[in-house]
Amino acid sequence: MTMTVKPPATSRKPRIDLRERPEIVLVPAVFVVVVAGWEFLLEPLGVEAYVLPRPSQIAASLGGQLGDELFWRHLWVTLQESLAGYLIGVAAALVLGTLISQIRLVERTLMPYIVAFQTVPKVALAPLFVVWFGFGMTSKIVMAAVISFFPMLVNVVEGLRAADADRIQMLTVFGASKAQVFRLVRLPTALPFIFAGLDIGIVFAILGAVVGEFIGAKEGLGYLLLQTNYNFDISGMFAVLVVLSVLGLVAHFLIRFLQRRIAFWAEDSRVIGA
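Once you know that position 186 of the sequence shown is 186 in the UniProt record's numbering, the rest is easy, because the numbers rise by one and skip nothing.
Here's what the structure looks like:
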């Protein structure tokens, strides 16, 4: 009797269908078209470099800044301020959002004050934070925490309230405690909302830190922006803006990566309170 041995099946990576994911081509294509048009149309249109520098000039300025040790010091300061403020704002929003979603009295008592505070322009608060907390990092951390708090809070509240009432009732009938209902139903339902709040909040935290540095600081990317403005270094300003944009994109994709690993059952992010 003869035996035939089948060769082991080779695992193939799934091919990406561009018809389903056209953005894979469109995103870099749009970037190339915009940058090329920006580079080659400014001179025919008579736009001077001190008004709008070319991408090549911005790239040269960015390369010079990346080679400067002082630039990395400014970047590190802004990262510390943004991350610290972000963590504080997220933690406060998680705690308060959970209380508001579960206890109606807390919502009726605190939400009017929270909404009223949210309507105050945060730029107007920045000078007060400098007066109260000084010119150091603390005032920028507070600004980053305040500006990232509200989007996270709204998403936490709405996410915890979006749980299926029938599932909650079924678990309650079978004797599940409130903690078990929270862990098995409310939290999984809220996770896509929470990650949406985290996504918005990290960008707002960077924005808050930079705004705080505008008002009063001796280091940070916001301070560097002001210095390039005072020196009329327009290409240098654009270079710093590019760095800030890259920071926001990296933070955004990091949050999305974590969401796909943790809340993998959620197909779409839900964004509330942006």
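Every residue gets a Cβ at the ideal spot worked out from N, C-alpha and C, and that includes glycine.
Looking only at E213, G64, I202, the smallest Cα-Cα distance to F135 is reached by E213. Annotation: Y230 to G236 spans about 11 Å, alpha carbon to alpha carbon. Under the rule that a run must span 4 or more residues, the alpha helix (DSSP H) segments found entirely inside the stretch 152-226 read 165-173, 178-181, 187-215. If you ignore the 5 residues before and after S82, its C-beta comes within less than 6 Å of the C-beta of A144, A205, I206, A209, all in its own chain and listed in chain order.
C-alpha of V25 to C-alpha of V146: approximately 38 Å in a straight line.
Boundaries of the alpha helix (DSSP H) around R108: 104-119. With the rule of 3 Cβ pairs closer than 8 Å, the stretch 258-265 counts as touching the stretch 176-192. Going by DSSP, L52 is part of no alpha helix (DSSP H) at all; its letter is neither H nor E. DSSP, read as helix, strand or coil, puts W76 in helix.
Judged by DSSP in its simplified three-state form, R256 adopts helix. By alpha-carbon distance to T78, the top candidate from R167, F174, T138 is T138. Distance from the CA of V32 to the CA of Q102, rounded to the nearest whole angstrom, comes to 49 Å.
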